[in-house]
Amino acid sequence: MFKRNRGSIIVVVLVGIVAALAIFWQQLGTSPQDDDSEEQPESYKVLLFSKTAGFRHESISAGIEAIRSLGVDNYIEVDATEDAAVFTDDNLAQYEAVIFLSTTGDILNEAEKSAFEHYIRSGKGYVGIHSASDTEYNWPWYGELVGAYFKDHPDVQSANVLVADAAHPSTNVLPAVWTRTDEWYNFNSNVRNKLHVLATLDEKSYKGGNMGFDHPIVWCQEYDSGRSWYTGGGHTNESFSEPGFLRHLLGGIQWAAGKAEGNCKATDYEGAFEKVVLQTGLSQPMSVRVTPDGQVYFIERSGILKIYDPETSVTSMAGRVPVFFEHEDGLLGLELDPGFATNQQIYLFYSPKDDPVNRVSRFTMNDNQLLLDSEKIVLETPLDRSACCHAGGDLEFDSDGNLYIALGDNTDPFESDGFGPMDERPGREKWDAQRTSGNTQDLRGKILRIKPKEDGTYEIPDGNLFPADGSQGRPEIYTMGNRNPFKITVDPYTNWLYWGDVGPDAGVDTVLRGPKGYDEFNQAKSAGNYGWPYCIADNQSYTDYNFKTGAFGKPYDCSALVNDSPNNTGSRNLPPAQPAMIYYPYNNSPEFPELENGAGGRTASAGTVYRYDPDNSSAGKFPQYFDKTLFIMEWSRNWIKEVKFDEDGNLLKINPFLPHLSFLRPMDMTFGPDGTLYLLEYGTGWGENDDAALIQIRYTGGVNRAPIVKMGADQTNGLAPLTVQFNSEGTIDPEHDPFTFEWDFNGDGTVDATEANPSHTFTENGEYTVMLTVHDDQGASASANLTVTVGNTAPKVTINAPVNGGFFAWGDTVPYSLTVTDQEDDAIDCTKANLLPSLGHDEHAHADVNHIGCEGAFTTSKSDTNIENTFYIVEASYTDKGVGNIPPLMGRATVKLHSKDKQAEHYDAMNAVQAEETTDDGGGKNIGFIENGSWIMWQGMDLHGIESMNFRVSSAADGGTIEMRVDSPDGALITSVDINNTGGWQNWLTVSSDLGRKPEGQHDIYFVFKGGDGFLFNVNWIEFVGPGVAEDL
48 MFKRNRGSII VVVLVGIVAA LAIFWQQLGT SPQDDDSEEQ PESYKVLLFS
98 KTAGFRHESI SAGIEAIRSL GVDNYIEVDA TEDAAVFTDD NLAQYEAVIF
148 LSTTGDILNE AEKSAFEHYI RSGKGYVGIH SASDTEYNWP WYGELVGAYF
198 KDHPDVQSAN VLVADAAHPS TNVLPAVWTR TDEWYNFNSN VRNKLHVLAT
248 LDEKSYKGGN MGFDHPIVWC QEYDSGRSWY TGGGHTNESF SEPGFLRHLL
298 GGIQWAAGKA EGNCKATDYE GAFEKVVLQT GLSQPMSVRV TPDGQVYFIE
348 RSGILKIYDP ETSVTSMAGR VPVFFEHEDG LLGLELDPGF ATNQQIYLFY
398 SPKDDPVNRV SRFTMNDNQL LLDSEKIVLE TPLDRSACCH AGGDLEFDSD
448 GNLYIALGDN TDPFESDGFG PMDERPGREK WDAQRTSGNT QDLRGKILRI
498 KPKEDGTYEI PDGNLFPADG SQGRPEIYTM GNRNPFKITV DPYTNWLYWG
548 DVGPDAGVDT VLRGPKGYDE FNQAKSAGNY GWPYCIADNQ SYTDYNFKTG
598 AFGKPYDCSA LVNDSPNNTG SRNLPPAQPA MIYYPYNNSP EFPELENGAG
648 GRTASAGTVY RYDPDNSSAG KFPQYFDKTL FIMEWSRNWI KEVKFDEDGN
698 LLKINPFLPH LSFLRPMDMT FGPDGTLYLL EYGTGWGEND DAALIQIRYT
748 GGVNRAPIVK MGADQTNGLA PLTVQFNSEG TIDPEHDPFT FEWDFNGDGT
798 VDATEANPSH TFTENGEYTV MLTVHDDQGA SASANLTVTV GNTAPKVTIN
848 APVNGGFFAW GDTVPYSLTV TDQEDDAIDC TKANLLPSLG HDEHAHADVN
898 HIGCEGAFTT SKSDTNIENT FYIVEASYTD KGVGNIPPLM GRATVKLHSK
948 DKQAEHYDAM NAVQAEETTD DGGGKNIGFI ENGSWIMWQG MDLHGIESMN
998 FRVSSAADGG TIEMRVDSPD GALITSVDIN NTGGWQNWLT VSSDLGRKPE
1048 GQHDIYFVFK GGDGFLFNVN WIEFVGPGVA EDL
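Given below as structure tokens:
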């Protein structure tokens, strides 16, 4: 790397520039219009400033000549100077932009700086070329104007510039991958999220980049009332005779001068976008679509279709489809017919209550009500309801009227150690994904493509994976070899298919079984096989493992897959597997480091592709920058990303989207006809969540944003008269403008209160939609609402057993007991009581079989690997009878159970420990670098039924002591155990300790590490020994 010597000045006389430029202008085709043309642009002036007080680039002369020639051909008068005395208020006023051409060092005095600041604040423009970022390090205002300062650079070499903005005039003239030779700067900071990045460097294409996967090299912004554009190119003489670079430079000058349109707030996420909550309190929302007239349709897994009306800001129920509501089944998919504006038809993917199938049906809407008797069953697939999990269920039309249907593998993911489930033993069919995903005659584990007809049947479009006669496989199949293609989308321009495929759970590679688990984002430009359960990620193959004998065969050949399972009813020889477009494991991905937060779970979900409409007059539509951009979501990691492609549809760049905002498990998204983004958030819990929401994301362009409205109530149901205390806690204005409140308690459009936190007494029975509208003093407003039910009180459900925070082992039979009380019902009908256990790991859960009754027992699953962060969520619910015209209400309760085997690296909090790879049996990670006073902690543990502890430890030092304490690092001591030298940091032993006096109920449990100086020992796992919740209370 080189850091410039700012004290040296090198002056080189350039020769031959004029001749080279003469050839270039012919190539560029930007000669002035003839005198007899209808209209000639008005000329304007720019100042070209190239003073240096440090290193001097020999290309400055070439740059001056080239920019002057650009001016001649584009009606720009260029005044070139190195005299800083021209920086006065009066003199600068004549110029539309000032260009800093490879300036270096401190080049302006205080008066000249002041004049330049005044100039920018008057609405004028700045252009920075190359070492303009190596200028005025001690002038903070200039640092913000240029965006970032030069840090260092490698030698001149060829590199790939990745163009993200195909709309801006400085980059719309360039290919998506722009390969050119220059001196490539590293900067002292990343401008991402501060201003608009137009292009980045691909550090894999050259040597010496040190900014990582996101290396901006061209950017722009609106700054201090003016405009700023910077390019890192321009070190070499050849740059200024390079047609692409000069087109790029011309566009930047024209934009900075205000003579060419370009949006430099497109990714000003904090200042130019707003996230508006339209509705909260949703019940497991699954899919959202927007009608041509702006009505927002969305579904909940329990079978409910709802409609949000943007005119009234009210959500209403449009219908309910009876569904089978166990495992991951229910009402899962929604799509509008392409002719919805005239035929009012929608498509639903659901699991019918009685028949063991998954069904796609077409329904007709009438006056915003779902007509159940209009159902036309389009397609059904068999469903093994004894097998958890992976239903899929998403629906999407392409621009040709073809309907894509996502179907999961319907295969139990457990008892395969987190690898490919291919258990061929008799009676183990539901653990064999070869019977579904790898079966050409089975529709599960596939994405189908059909063309619905008016009569409710369908045709097979050309281009599916197998011939229409079904001789080689089901003709509906477009892609096979999918595990859980939970969310899909289709590019409206190309009809290319994108989907997220949620992968298996193994945390580490093993030589004998194969690769660890990966989630995938896939692209299908044509039909294909995507490998599951034989191959994953970039075609990493599993081995042919014999579940009966434990013998290991050869790795599968992803290019010539053979399905020889006895459960296969289709072709033996399968199409070659296609590698994933994007793939990532639980931990951080070296291939795709952009997918940060690798310490959490994984749930890859395709979002949608934006289609920019220049004729759309909506003020909130997304900018042209996002045209053809794919949005992807991560349900577990709570982010959304924008994915850019080159002209051929190859992956170009993954960028953050609204990184300053938190998303509460993004579930589905779509763009409405207004060009704004509609998003469903599942919420923070595992079932019913008060913070599950319908969201709208609007582009504001940096003008005044509406307030963000939050509302709550101390109770939302009860008998009349019912007094409710409302609150607006959490309501803010993004610009900190003053705001006022308008409360409508009964939905009649009349303002009933204007306080921030009013109370209201409802004297008559009924369901009331309470609306809070907040206005700022600049004229922007936003609303939120909630429902208050008067005349019925929700039942109270208590889970007596298992205890909240208790411990289970794999395969345990866990007794449960519920108590239900209801103020209105005469007696509790325990046949209406439901208990649903769900196996969770990291940030998501797999629902198990629903249990009926106020008492009973459920059996926990077998663990598929011992390196997961696993737990159980147990949810109980009861729905009362309702009272007269007042609808029934549901009461719920939830407990969380801990697995007895706790991997040490999956703590809830820690002090002074680090995770590292372990060589202990089972692989994964251990915690190490433990010092005296280090600790780890888990929240909310109940030690009922736990009698002793096991610790897996190692040490190459003197060891120390593990102390188990309650609620704090110095809380009451439960037990302790001494750790001795084991002969090495990866020489593992198990030590044990009986529990002393145990605390009652839930507590935070600390494991505190004590010893002498230096590192003490490592801990791989901690086991809680005893029956736990399996004990009959």
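Every number in the numbering used here is 47 more than the matching position in the sequence shown, counting from 1.
Every residue, glycine too, gets a C-beta built ideally from N, C-alpha and C.
Owing to the predicted nature of the structure, the values given are computational and were not obtained by experimental measurement.
Sheet register partners of residue i (DSSP bridge)
i	result
P499	Y505
N973	E963
A571	L544
F704	I687
K843	T868
D823	F786
F678	T655 and E689
M937	T926
A144	V93 and G172
Contact under 8 Å by Cβ, residue i with residue j
i	j	result
A1160	L139	Lying before the first or after the last residue shown, residue 1160 is absent from the chain, which here runs from 48 to 1080.
G575	P622	yes
Q481	S618	no
R227	F292	yes
S1001	L1036	yes
S484	P580	yes
G648	C605	no
L6	V407	The chain is shown from 48 up to 1080; residue 6 falls before or after that span and cannot be answered.
G969	N1065	no
G377	R348	yes
L559	F533	no
I744	T778	no
V335	L727	yes
V224	P263	no
V193	G175	yes
H295	T247	no
G1088	A319	Because the chain is modelled from 48 through 1080, residue 1088 falls outside the range shown and cannot be assessed.
D1014	D989	no
T1022	G1048	no
G564	Y589	no
G172	A365	no
Nearest-angstrom Cβ-Cβ length linking residue i and residue j, presumed shorter than 8 Å
i	j	result
P842	V817	Between V817 and P842 the Cβ distance is about 22 Å, and since that is not below 8 Å, they are no contact.
I535	W546	4 Å
G1059	N979	7 Å
A651	E567	6 Å
A179	T135	Not quite, the Cβ-Cβ distance comes to about 21 Å (not below 8 Å), so this is no contact.
F234	F260	That pair is no contact at about 15 Å.
E523	L490	6 Å
Contact test: residue i Cβ vs the ligand PLP heavy atom, cutoff 7 Å
i	result
T717	Summarising the ligand content, the structure contains no ligands, and the ligand PLP is consequently not present.
Any contact of the region 817–834 with the region 321–332, i.e. 3+ C-beta pairs under 8 Å?
yes
Does the region 868–876 touch the region 433–449, meaning 3 or more C-beta pairs lie closer than 8 Å?
no
So within the region 447–531, which uninterrupted beta strand (DSSP E) runs reach at least 3 residues, ignoring any that extend past its ends?
450–454, 493–499 and 524–527
Are the region 527–542 and the region 471–478 in contact at 8 Å, needing three or more beta carbon pairs?
no
Ignoring anything shorter than 4 residues or poking outside the region 718–801, list the alpha helix (DSSP H) runs there in chain order.
none
Beta strand (DSSP E) runs contained entirely in the region 1008–1064, provided each spans 3 or more residues:
1020–1026, 1031–1041 and 1049–1057
Quick check for students: name the residue ranges of the beta strand (DSSP E) that lie wholly in the region 374–437, counting only runs of 3 or more.
378–383, 392–397, 404–413 and 416–429
Extract the residue ranges of the alpha helix (DSSP H) inside the region 305–372, only unbroken runs of 4 or more that lie entirely within it.
316–319
Ignoring anything shorter than 4 residues, give me the alpha helix (DSSP H) runs that lie fully in the region 154–214, in order along the chain.
157–168 and 187–193
Can at least three beta-carbon pairs, one atom from the region 271–285 and one from the region 192–209, be found at a separation below 8 Å?
yes
With contact counted as at least three CB pairs below 8 Å, one residue from each stretch, are the region 782–791 and the region 800–811 in contact?
yes
Which whole runs of the beta strand (DSSP E) in the region 610–646 are 3 residues long or more, in chain order?
629–631
Using a Cβ distance threshold of 8 Å, determine whether the region 495–508 contacts the region 675–688, with at least three qualifying pairs required.
no
Okay, do the region 126–136 and the region 300–317 touch, 3+ Cβ pairs below 8 Å being the bar?
no
Sufficient close CB pairs (3 or more, under 8 Å) joining the region 780–789 to the region 847–866
no
Sufficient close CB pairs (3 or more, under 8 Å) joining the region 878–886 to the region 922–938:
yes
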